[in-house]
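Visitor: Take a look at the following structure, please.
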Amino acid sequence: MDVTWHILGPNSNEVLPSVNTDISEPVNGSFSFRDGEGGIRNIELKILPHGEVEVTEKFIVVLSILSGELDVDPKAGFVTLMIEKFGDPNGIVQFTEQDLKERIYSEPFDSEGPLTISFLVTRREGVMGNITVFWKIISDADITEDFSALQGFATIREGQRVAEIILTLLPDSVPELEETYTLCIISVEGGAELDAIRSSTLLKVQANDEPHGVFALYPQNQAVKVNTVDRSRHLIISVNRLAGPFGNVSVSYTIRFTTPEQSFIEDTITGNILMKDGEREASVEVPLSSQVFFPKGFNFSVELRNVTLIGSLLSSPPRIQIQSNQAIVTVPEMAANAEVGFASLALWVTDIESGQCEALLVRTGLFGNVTVRWTAGFPPSQSPAGYHPGDISPRSGRVMFAHGQQSEVISLNAVYNTSGVAAHAIYLTSVESDSPGGARLRTGHTVAEVEPLGLYQFNPATQKMVIEEDVQTITLYVQRLYGFRSNRSSISYETWPGTAQAGKDFAPVTDGQLLFDSHQISAAIRLSILDDSLTEPDETFYVNLTSVHALSASLPSVEAQPRIVVQHSVVTITILANDVLGGFLSIEPALIHISEDSQEEMPQQKLALRVRRTVGLTGVVHVKIKAYTGSLKSLEVNVTQFHHEHNGTWALEGEDFALETQTVTLLEGQNELEFSVVILNDQEPEGQEAFFIYLSEADGGAEIVSMPDELGFTSFSKIIILGSDLQNGIVGFSWSSLSGQILDEDSENRTAMLFLQRQEDRAFEDVLVFWRVTFSTTVHSVVEHGVNLTRELQQTQGTALCMKGKLLCPLRLEVRPDKDPEYQVWFLVEVYEVGEGAAINQTARFANVTILESDDPWGVVFFAQGSRLPVVTLRETRISLHVYRDASTASAISVKYSMQELQNAESIGPTLIWPAVAGQDFIKAEGTLTFDIGQRSANLDVALKSALSSSNPTPKRFHVILSDATGGARVHPDFGWSNVTLVSDSETQVVWSLLDQLHQPLDETIINRVLQGIINKVIKDITQEQLTAVLDALSKILKDAEQTSLKDSSRSLTYDLMCAMANPNRVDTRGLSQMAEVAERFAFTLVTDTECGAGEKRGRTILDTCPYFTIAAHHWYPTQINGHTFTGRNLDTFTLPETLLEVPPLPTESMPLSACRKLHFTEYSTEHWFLTNTKASALNEKVKISTVNI
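What follows is the structure in structure tokens.
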């Protein structure tokens, strides 16, 4: 067996020739092994001496089989031989002397684009071979966004000495101080050496983007507060620093305010606030004068005057934001000095006997402890002429308010005078406060009068009168209590029948009037009683005082009204029984319940009733006993009263009952007699039935009662025969409900409707069916295999009502929503008890219900936050998207992905988002992502083609879409695709990147963070591309606000953003009429979740703090909208047509909500959004827009 060898090299795969300068002959050869022979063979090589300089050389000695049945070991069939270099044939690498000097640069503006910086590296000594120089930028600061690349390499080709390192300094909007960077050569490949001393150089980038800050004064951060320890008051001035936070800065401010009660004098306070390095907010507490009375709503004007950097200035100086340099600070009620007065100038008496009443003292301004003193009567020289003072106890007192307490009650007794009208009143004499600024009495609210227009009532001695029928006339007396202010008053009264009949027993009065003159304390009402010769029991009627009006009076306040004392406003008059001989007949008991089913196999049972005689027992009397079963038509009895008592099923005489007695006779002196009714059992299922037994055709001088007698019995008795023979059915689940019912927690409808069923001839009455859920048919159990039905269902037991006459009865189940992944499970619904007159159908006692799997027990796949709207610049060559797997990770799954161009350009305001083109803007790809057991996230890399960008302008976009998840998992319906957006520069990228936060369920924090970020960016004019992002963000926020009302802070920030965009000094939004459409949409969101007909509320439905436009929004009925007049800032008016909306023919309180409409009125103080290149002016710098949402 023969083996040959040869040499490859140097530094190549070429066979080494025999004649060379590195290895002498032989440079190839062979050796052999006999059959069965083993051992070692040697190959000897002779290395030739080196020349002046030589590079490192690599040779490979390779074995191969010439003949024989053997193989070369793949791991040991070759040997590598390295001959070290001699001297520096590849050179020594360093920066050129010129590039070793420190350089200083300014960060480029976005309009300029990235700045290219060039450094030269060179090699001295040898120039043999290609060498690669690796470099890296190092700094103590965060430099990830400063350069396009922080490391890289340059190649010096054979025979050349110089190569160029190119750095790209990126523009950004991040405020920065001067930063120092070190550019280092970290290594060299290709045999060259590195000069350690000359392998690094320095460059600096000057401070930029206002690193020392832009200072603003936000009204919502300013306040007047009270020190809880010493009760001192301070004006809190809070200053915010935008842009950069570097350096200590002194902010000077001025406070201006008009001295209370001296409008011609203006006070001024100046001071400074120190904003320390790194701080974004600083505040100062300015003490308020302890001698000044500050009422609620008093205003201070705070203005930022100047800002000064303390220390060396490294860049542009700090400045004040012009549009946020002033704020108005209002004194809140908790810090305002107290003004104390009576809440009402007319005091109501709550107890007539004692004269008890309460005076409510209230104060505006809750600052400090306050003591108020009061006394009975009127202030000197204010007592009403002609009246002596009323008796009030106690005669004086004091009331103490603690700090923050708004009201307190004075309790007193004002006893009325029965001999004449007296003037009852109390007044406030003084107010004191232990807090700075003191307190004062409220003008016009220091005197309160007790019932100044009087209380009116019947004299208690005449409230219950008993008279004979022949008295003909009765007199009732009405009293006036208190009421010294009432000169003339009119009392309305009327009679009301009881058992006595108007026109037969008394003369009716429907609209009686009783007059009281000045000083009059009593007046009389006279009524006529009508006599007859009929036998009658005691009868009653009533006289009611219905209203009172002051015809002339000196009103102390609008709250003062004359009143009727309700408990003494009705007189009951009883006319005693007369002309009675044979007595009055009634039947008892009035109501009886009895079962049709007889006991002990008896075919029938008897019901006992009694006829009673009252008032007169003279002579023998007879009365007939009759039955009413719903169909009798007779003049002898008023059947309406029976139908009023019963509207159900009627029992039938002869089938359900029988009368044993037709006539009852009572002897002289006899007061009652019993008779019987037989209840018949027909063995048929029947529901509850009723009939009436009544008295008819009495003789012998007796009369049948027409109204209940003294024991409550009347001329009839109601008998109810209870249902029998399972009249309410044999109840079980219907055939369709026994199985196949499904509950789906993930659907909008999380309910299932089961139906209970009973027989057609057994549905006579309402019946309750009791149900519960269980896993077993033998033992009640709600827990099995880790599933607890009490946690899965909203209700695990309850009742269902089967209505009278209904064969099918609904039973509603609802699954409880949660976020826990759950597998499919089934359970049973059991009917375990039914109401009276029903039984359970044992063959249909259980219904089987399935709860479908929920919350993705196999997992749900979606793009993570940050990858739903990724934004990159055209310089980027790759973007990594994060795909997340939520819920269960118990199994391995996979999901497909693909990339798609936009079908059409997307319109946002006046601009478009253009399609990114596959092959020019991005490399179209598709594939599969795999998630192993326990794995929650995976990265998806997308390749971009920055060098071959399409001609479509930015912003442009393409979609990355997830689909076809395996293993039972699903792709999230909302977040299963990524909108990759390409923009022109990094500043635009920062603005667009804010929108990614809006691709998730929104809340106040998220919305506020995005809005504040945008507000910070629109301080100055922005590009059209950035403006597209702002409009897109507003559209998404308002879409959410149309469903759920914005929180106060979010509403305020949205208004602030739109106010900034309406600034007439801006160039970017001039003529942008789409902003007016956004404003209209925003206006309608102000009344989301607002009750129809509600009044306006400043800060909620009325926004008027922006100097450029105001909004008033309403949710009103047509009657409120038609003809409504809006009043603008300059008292301009705008009236809607009287017939703008159709008005339903209903009163406002009865109108359906569907008639309600949303309305807004927007007044612009600038024409900025409405100007065009061809239109220099709109309308007088004023634009008014009113819209009704039909």
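Take 12 as the starting number for the sequence shown in the numbering used here and just add one per residue.
Glycine is no exception: its CB is placed at the ideal position from the N, C-alpha and C atoms.
Can you pull the DSSP bridge partners for E189?
Guide: Per DSSP, none; premise fails for E189.
Visitor: Identify every run of the alpha helix (DSSP H) within the region 794-852, keeping only runs that are complete inside it and at least 4 residues long; order them along the chain.
Guide: If we require 4 residues or more, the alpha helix (DSSP H) runs fully inside the region 794-852 come out as 800-803.
Visitor: For P100, count the other beta carbons within 10 Å of its own beta carbon; 16 or more makes it buried, fewer makes it exposed. Which is it?
Guide: It counts as buried.
Visitor: Buried or exposed: which applies to P21, given that a residue is buried once 16 or more other Cβ atoms fall within 10 Å of its Cβ?
Guide: The residue is buried, with at least 16 neighbouring Cβ atoms inside 10 Å.
Visitor: I'd like to check one pair, V675 with V650: are the Cβ atoms closer than 7 Å?
Guide: Result no, Cβ atoms of V650 and V675 do not sit closer than 7 Å.
Visitor: Which runs of the beta strand (DSSP E) spanning at least 3 residues fall entirely within the region 468-508, listed in chain order?
Guide: Qualifying beta strand (DSSP E) stretches, in chain order: 475-478, 484-492, 497-508.
Visitor: When the Cα atoms are used, what is the spatial distance from A218 to W1003?
Guide: So the two alpha carbons sit approximately 25 Å from each other.
Visitor: For N219, which beta-bridge partners are listed by DSSP?
Guide: The partner list for N219 (beta bridge, DSSP) reads E187.
Visitor: What first and last residue would you give for the alpha helix (DSSP H) that runs through K1050?
Guide: Counting along the chain, the alpha helix (DSSP H) containing K1050 begins and ends at 1035-1052.
Visitor: Considering F1093, what are the terminal residues of the alpha helix (DSSP H) in which it resides?
Guide: Unbroken alpha helix (DSSP H) run through F1093: 1085-1096.
Visitor: At the level of alpha carbons, what is the spacing between V318 and V1021?
Guide: Approximately 28 Å between the Cα atoms of the pair.
Visitor: Identify, in the order they occur along the chain, each residue of the same chain with its Cβ nearer than 8 Å to the Cβ of V185, setting aside the five sequence neighbours on each side.
Guide: Cβ within range, chain order: E156, D220.
Visitor: Whole angstroms are fine: how far does the CA of S563 sit from the CA of R491?
Guide: Their backbone Cα atoms lie some 15 Å apart in a straight line.
Visitor: Please classify Y843: is it buried, with 16 or more other beta-carbons within 10 angstroms of its beta-carbon, or exposed?
Guide: Exposed, because fewer than 16 other Cβ atoms sit within 10 Å of the Cβ of Y843.
Visitor: Give the straight-line distance between the Cα atoms of S986 and G255, rounded to the nearest whole angstrom.
Guide: Inspection of the sequence shows that residue 986 is occupied by Phe rather than by Ser. Taking the straight line from one Cα to the other gives about 35 Å.
Visitor: Taking 7 Å as the CB-CB limit, is D1014 close to chain B?
Guide: Here chain B cannot be found, since the structure has a single protein chain.
Visitor: Just how far apart, CA to CA, sit V688 and Q616?
Guide: Whole-angstrom Cα-Cα distance: 9 Å.
Visitor: Using a Cβ-Cβ cutoff of less than 7 Å, which residues in the same chain neighbour T127 once the five nearest sequence positions on both sides are dropped?
Guide: Same-chain partners within the cutoff: I177, T179.
Visitor: What are the residues that DSSP puts in a beta bridge with C195?
Guide: K147, S211.
Visitor: What separation, rounded to the nearest whole angstrom, lies between the Cα atoms of L131 and D110?
Guide: When rounded, the distance between both Cα atoms is 7 Å.
Visitor: Reducing DSSP to helix, strand and coil, say where Y1066 ends up.
Guide: Helix at Y1066.
Visitor: Under 7 Å Cβ to Cβ from L56, same chain only, skipping five residues before and after it: list those, please.
Guide: Around L56: I34.
Visitor: With a threshold of 7 Å on Cβ separation, who are the neighbours of S365 within its own chain once the five nearest residues in sequence on each side are excluded?
Guide: Here the set comprises N424.
Visitor: Let me know the secondary structure DSSP gives N1242 once reduced to three states.
Guide: Lying before the first or after the last residue shown, residue 1242 is absent from the chain, which here runs from 12 to 1201.
Visitor: Going by the DSSP bridge assignment, what does L892 pair with across the sheet?
Guide: Answer by DSSP bridge pairing, in chain order: L951.
Visitor: Relative to the C-alpha of P868, which residue among M1069, N1019, E833, G848 is closest?
Guide: Comparing Cα positions, the closest option is E833.
Visitor: From what residue to what residue does the alpha helix (DSSP H) around Q1008 run?
Guide: Neither: Q1008 is in no alpha helix (DSSP H) and is coded neither H nor E.
Visitor: Spatial neighbours of D710 within its chain, please: C-beta separation below 7 Å, excluding the five flanking residues on both sides.
Guide: Correct list, in chain order: V632, H633.
Visitor: Once you ignore the five residues that flank I1113 on each side, which residues in its own chain have a CB closer than 6 Å to its CB?
Guide: Taken in chain order, the residues that qualify are E1107, A1123.
Visitor: At what residues does the alpha helix (DSSP H) containing T854 begin and finish?
Guide: Looking at the DSSP string, T854 is not in any alpha helix (DSSP H), and its letter there is neither H nor E.
Visitor: Report the three-state DSSP secondary structure of G523 (helix, strand or coil).
Guide: Looking at G523 - three-state DSSP - the assignment turns out to be strand.
Visitor: Assign A561 to one of two classes, buried (16 or more other C-beta atoms within 10 Å of its C-beta) or exposed (fewer than that).
Guide: Classification for A561: buried.
Visitor: Could you spell out where the beta strand (DSSP E) holding T1177 opens and where it closes?
Guide: Counting along the chain, T1177 falls outside any beta strand (DSSP E), and DSSP gives it neither H nor E.
Visitor: Hey, how far is the Cα of L1190 from the Cα of R451?
Guide: The pLDDT assigned to L1190 is 47, lower than 50, so where the model puts this residue is not dependable, and the model offers no usable value.
Visitor: Kindly provide the ranges of any beta strand (DSSP E) runs that are 3 or more residues long and lie completely inside the region 900-947, ordered along the chain.
Guide: As far as the region 900-947 is concerned, its whole beta strand (DSSP E) runs of at least 3 residues are 904-912, 917-919, 922-926, 937-942.
Visitor: Per DSSP, which one or two residues make a beta bridge with R134?
Guide: In the DSSP output, where bridge partners are listed per residue, R134 has V104.
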